[in-house]
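Okay, so here's the structure we're looking at.
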Amino acid sequence: MDPIYLNALNIVFGLARIKKLLTVFKSAERAWQAPDGKILRLKFEGSSIKEALAKRTATDPQQEWAKLEKLNIKTVSFFEKNYPKLLKETASPPILLYLKGNADLLKEKSIGVVGTRTPSSYGRTAIDMIVPQLAEAGLTIVSGLAQGVDALTHLATLKCGGKTIGVLGCGLDQVYPLMNESLAREMLNKNNLIVSEYPVGTPALKQNFPARNRIIAGLSLGTLVIESKEDGGALITAKQALEANREVFALPGPITQPTSVGTNKLIREGAKIVLAAEDVLQELNLKALTAQDKIKLNLDKLSTEEKTIVNLIQAEPAHIDKIIQTTKLKPHVVGSVLTGLELKGYIKNMGGQIYTLA
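Heads up, our numbering is the position in the sequence shown plus 5, with the first residue counted as 1.
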């Protein structure tokens, strides 16, 4: 299926109409070039079909494709082998996804994390506790690049060196809200991915966000709702996850807190309660990384002296004198390296200058 004409169809017609056009005309190019009369005979619902046909006349598929190339935006269509498998299994997968960044992340195991745009300090703390452990266990973290829980989730993932996908409710030539433009830039600079089903130039319309949420749910093995009001948009994502036969997880909260009403309701209705990252990982048959696992993954980032000391402490806790004696390093070097490793979170002082893995 020609992506140039799929993009053009996506600019002019809605998802339901594109599906019908492709069913009738068998290819994106033939659908695009079909006479107005043939398209009108398909009797699409709604009165805007004539407006769409007028827009088609004013749209040049090659010029629109050139815009994508200029912005370094790639596409993957429903008909390609590398279209995300989990998303393809949902009831209404996008015909075309627009991608900016590391498209390989679409092949990885993912968890959606969503929630209110106005998280409490409790919700913020929960994100910092739970999200890094999910990322370190190998899950790609999917969220919506919105204000609040979404942005904090992406930031927590970046901070721990994890991988994250942001799903937008507008074209990839912009970021909404504008305050998250620098976050989106950091995500791309660190080899992450931003995704949308909307062509470039599409504004962040209110009706786009429920549709955006189905992509977050569809890309993910499950969806974790951190905090949500009773009628919060995150509950739409949870519902879409259930409809796609995916797991729904929710963080419980105080009954007096408005941003916990939605999550407590989800738990009452059967969502898996999450008190720690381990609750999510166990349900998905994954394991949290131990301190030793983290050391192995990050060993290449350490200096020769740091590696020597970490390898020694990895076997068993060691007193500073034993470290000096065994490594043959000078005392001031050992002291400096131990301080650095402690600050980086690799080791901790148990007291009495005895060190162990953090």
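C-beta: ideal position from N, C-alpha, C; glycine also.
Taking the C-alpha atoms as reference points, what is the distance between A243 and A222? The straight-line gap separating the alpha-carbon atoms of A243 and A222 is approximately 7 Å.
Considering Cα atoms alone, identify which of A131, M184 and N218 is closest to A255. Checking every option, the nearest Cα to that of A255 belongs to A131.
Determine, using beta-carbon pairs with one atom in the stretch 152-170 and one in the stretch 132-144, whether at least three such pairs fall under 8 Å. With three or more CB-CB distances shorter than 8 Å, the stretch 152-170 counts as touching the stretch 132-144.
Would you kindly check if the distance between the Cβ of V200 and the Cβ of I241 is under 9 Å? Not in contact: I241 and V200 (Cβ atoms no closer than 9 Å).
Quick check: the Cα distance between I44 and I100, rounded to an integer number of angstroms? I44 and I100: Cα-Cα distance of roughly 19 Å.
Pair every Cβ in the stretch 55-69 with every Cβ in the stretch 28-44, then say whether three or more of these pairs are closer than 8 Å. The stretch 55-69 vs the stretch 28-44: in contact.
Buried versus exposed call for E321 [16 or more other C-beta atoms within 10 Å across all chains shown]: It counts as exposed.
Nearest to L224 (by Cα), restricted to the options I54, L11 and N87: Cα-wise, what sits closest to L224 is N87.
Limits of the unbroken beta strand (DSSP E) element including E321: Secondary structure note for E321: it is in no beta strand (DSSP E), with a DSSP letter that is neither H nor E.
In angstroms with no decimal places, state the Cα-to-Cα distance between N194 and K105. Roughly 11 Å between the two C-alpha positions.
Who are the near neighbours of I329 in its chain, counting only those whose CB is closer than 6 Å to its CB and skipping five residues on each side? Same-chain partners within the cutoff: P336 and V339.
Are the beta-carbon atoms of G120 and V154 separated by less than 9 Å? V154 sits close to G120, with the two beta carbons spaced by under 9 Å.
Can you have a look at P208 and say buried or exposed, based on whether 16 or more other CB atoms are within 10 angstroms of its CB? Classification of P208: exposed, given that the 10 Å Cβ count is below 16.
Anticipated Cβ contact below 8 Å, A142 with L286, distance rounded: Indeed, because the Cβ distance is near 6 Å, the residues count as touching under 8 Å.
If we count the other Cβ atoms within 10 Å of its Cβ and call it buried at 16 or more, is L198 buried or exposed? With 16 or more Cβ atoms within 10 Å of its Cβ, L198 is classed as buried.
If you count every other CB in all the chains shown that lies within 10 Å of the CB of I260, and 16 or more means buried, which is it? Result: exposed.
Could you give the DSSP three-state label for K48: helix, strand or coil? DSSP places K48 in coil when its eight states are reduced to three.
Does the ligand SAM have even one heavy atom less than 8 Å from the beta-carbon of L101? The model depicted lacks the ligand SAM and carries no ligand whatsoever.
Could you compute how far the alpha carbon of Q358 sits from the alpha carbon of R129? So the alpha carbons of these two residues sit roughly 34 Å apart.
Per DSSP, which one or two residues make a beta bridge with N354? DSSP, once it has assigned bridges, lists Y360 as partnering N354.
What separation, rounded to the nearest whole angstrom, lies between the Cα atoms of L11 and L26? Their Cα atoms are separated by approximately 11 Å.
Going by C-alpha to C-alpha distance, which of E311, V315, P204 and I314 sits closest to A13? If we check each option's Cα against that of A13, P204 comes out closest.
Alpha helix (DSSP H) containing E34: first to last residue? E34 -> alpha helix (DSSP H) spans A33 to Q38.
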